[in-house]
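The structure appears below as structure tokens.
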Amino acid sequence: MDGLHRHRSLYKGTTPPWKETYRKRCVDRLKNSRSRLLERYRQTAESPRGGGAFIVQEVMEEEWRVLQAEDRGLPPLWGAQGLGQMCNVMYDELAVLEEIQQELLSQELSIIDEFERNLQFEQQYISSVVEGMEEEEMQIICPICHMNNLKVSSHFISCICGLHISTTHQNITADVLQSLLESRVAEHMEDCLQNPVFSVTSNTDTSANLLISCKVCDYLSIVL
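If you're matching positions, the sequence shown starts at 446 in the working numbering and goes up one per residue.
So this is what it looks like as structure tokens:
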């Protein structure tokens, strides 16, 4: 109890010295745990928690344990009913923890909102890729100009915007091309929330390739 009283009297009426260190570590851990957050969000999408946090509590617990290892005078973080039930913590410290928790909840929601916006972009793009069916031939919107339908033959893929890629001996059909475009967009979306772009590049043998890339996460992949 003497150690606890000293801990209380030391920080009473002041901002705890660990606040900024702990806050920054929690924010960084949350950002670095984006994949875990989005996976948890996907798993609970069909049965949402009703506004509850997804990984905020885990992030705070993990960083609090690190902080406890550096300052053994700190008490356990969570009581049976959350921060409000923290054992032996001053109101000043509790207010700081609740402030950090709210900041993390806001950032968590921001990450999820950005994911939802980009997921909508992906769905809209995939929907626009298939413009329609004419005489059982699939029409695919050009990923470069986003305006014209691609011409897909057994020898090349082209667009009036200037896109021209040889596909001789590759057995590329409209179905195969659509599948390639969708899979690359989905692959990028697994780890990055930004919108990728398509481009055409020529190899040393003058043949062209269709690429998908992202400047934000450095994603780069050959579509065909």
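Here a beta-carbon is modelled for each residue, glycine too, at the ideal position from N, C-alpha and C.
Nothing here was measured: the structure is a model prediction, and the numbers come from that model.
query                                                                                                     : result
Collapsed DSSP secondary structure at HIS591 in the structure displayed                                   : coil
Sufficient close CB pairs (3 or more, under 8 Å) joining the region 583–591 to the region 549–564         : no
Short Cβ contact (8 Å threshold) for ILE610 with VAL645                                                   : yes
LEU522, DSSP secondary structure in three states                                                          : coil
Beta-carbon separation (whole angstroms), SER624 vs VAL642, contact threshold 8 Å                         : Contact doesn't hold; Cβ gap of about 20 Å is too wide.
Own chain residues within Cβ distance below 6 Å of ALA525, not counting five before or after              : The predicted position of ALA525 is uncertain, since its pLDDT is 49 and thus under 50; no value can be drawn from it.
DSSP-derived helix/strand/coil call for GLN584                                                            : strand
Buried versus exposed call for ALA619 [16 or more other C-beta atoms within 10 Å across all chains shown] : buried
Exposure of LEU549, with buried meaning 16 or more beta-carbon neighbours within 10 Å                     : buried
First through last residue of the alpha helix (DSSP H) which encompasses LEU475                           : 464–477
Sub-8 Å separation of TYR541 and THR460 beta-carbons                                                      : Correcting the residue type first, residue 541 is Val in the shown sequence and not Tyr. Cβ distance < 8 Å, so VAL541 and THR460 count as in contact.
Cβ-based burial, PRO588 [other Cβ within 10 Å; buried from 16]                                            : buried
Coarse secondary structure for HIS633, derived from DSSP in three states                                  : helix
Collapsed DSSP secondary structure at VAL621 in the structure displayed                                   : helix
Euclidean distance between Cα positions of LYS596 and GLU543                                              : 58 Å
Neighbour-count burial assignment, MET634, 16 or more Cβ in a 10 Å radius                                 : buried
PHE643 in three-state terms, based on DSSP                                                                : strand
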